[in-house]
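J.: Quick one: the structure is below, and I'll ask about it shortly.
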């Protein structure tokens, strides 16, 4: 297991779910966590919890869809703490509805949060990681990046964009000392899939993020067996498309 003592780990979307659990996990490993999110009250709760356990944490309110806010946040981090050793781009939102019923503004919001928020944070920190010659970027995508699923088309598109961006960036950075790994879980227990037997706990995804932060792999699927679905989809899409769509539709309607 990698040592994270005094490593600087920046986590976006840290106020709940996967981001919250990831922050706790890295703090327990003695890393200095920089927790970023829009909801300051929840960040304060995270701060108190980690400090109670003698962990290191800095909280910063920031909307990752606002490039100016992101740049200001990055400047503050660099000036006061230093360049993160690990960047976890986790901030994300989802809308469950048909394309015809989803407003264009909501589709833009999903793309701005899930994709451009990741781009802004990565672009802002990358030059400093490159100058130092080390670091790891973990982008939290989804298996929805590899499958077009009903009722979450905009979400699928945003995660697919993240996956493609990450793969290209990883190739660009091969000789830089900086790793890029995508973590792609199946459904996670949030408000819209709490009752699904297929959904993962946020803690299990956080553990995968911890592994990814020190992994040479391009993508880690959670659970690992889910990778088989991606392989089969490309091999015999006519079989998998209908099955996956039915299973997912059943899950969100429970």
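In the numbering used here, the protein residues as written are 1 to 254. Beta carbons are placed, not taken as given, at the ideal position from N, Cα and C, and that holds for glycine. On a predicted model such as this, the values are computed, not experimentally measured, just so you know.
#1: Can you tell me where the alpha helix (DSSP H) holding residue 152 begins and where it ends?
#2: Is residue 192 helix, strand or coil by DSSP?
#3: Which residues does DSSP pair with residue 7 in a beta bridge?
#4: Grouping DSSP H, G and I as helix and E and B as strand, with all else coil, what is residue 182?
#5: Sorted by chain position, which residues of the same chain lie with C-beta nearer than 7 Å to residue 39's C-beta, five sequence neighbours on each side aside?
#6: Under 9 Å between the Cβ atoms of residue 35 and residue 43?
#7: Would you mind stating whether residue 157 and residue 111 have Cβ atoms separated by less than 9 Å?
#8: Does the structure place the region 48–57 close enough to the region 95–111 that three or more beta carbon pairs sit under 8 Å?
#9: Within the same chain, show all residues whose beta-carbon is closer than 7 Å to that of residue 90, passing over the 5 residues directly before and after it, in chain order.
#10: Pull up the distance between the alpha-carbon of residue 280 and that of residue 136, whole angstroms please.
#11: Going by alpha carbons, who is nearest to residue 173 out of 82, 126, 214?
#12: Output yes or no for whether 9 Å exceeds the beta carbon distance between residue 77 and residue 102.
#13: Identify, in the order they occur along the chain, each residue of the same chain with its Cβ nearer than 6 Å to the Cβ of residue 69, setting aside the five sequence neighbours on each side.
#14: So residue 102 is in the beta strand (DSSP E); what residue range does that whole segment cover?
#15: Kindly indicate which three-state DSSP category residue 29 falls into: helix, strand or coil?
#16: Who pairs with residue 37 in a beta bridge, going by DSSP?
#17: Which residue wins for smallest C-alpha separation from residue 217, given the options 92, 121, 84, 170?
#18: If the criterion is Cβ atoms closer than 9 Å, does the pair residue 182 and residue 138 meet it?
#19: Quick check: the Cα distance between residue 134 and residue 73, rounded to an integer number of angstroms?
#20: Kindly indicate the opening and closing residues of the alpha helix (DSSP H) around residue 74.
T.: In terms of the structure at hand:
#1: Premise fails: residue 152 is in no alpha helix (DSSP H) and is neither H nor E.
#2: A caution first: residue 192 carries a pLDDT of 46, below 50, which makes its placement in the model unreliable, though a value can still be read off. Coil.
#3: None; residue 7 has no bridge partner.
#4: strand
#5: 15
#6: yes
#7: yes
#8: no
#9: 11, 12, 13, 18, 19, 22, 140
#10: No answer is possible for residue 280: the residues shown for the chain start at 1 and end at 254.
#11: 126
#12: no
#13: 62, 63
#14: Careful: residue 102 lies outside any beta strand (DSSP E) and carries neither H nor E.
#15: coil
#16: 61
#17: 170
#18: yes
#19: 21 Å
#20: 67–80
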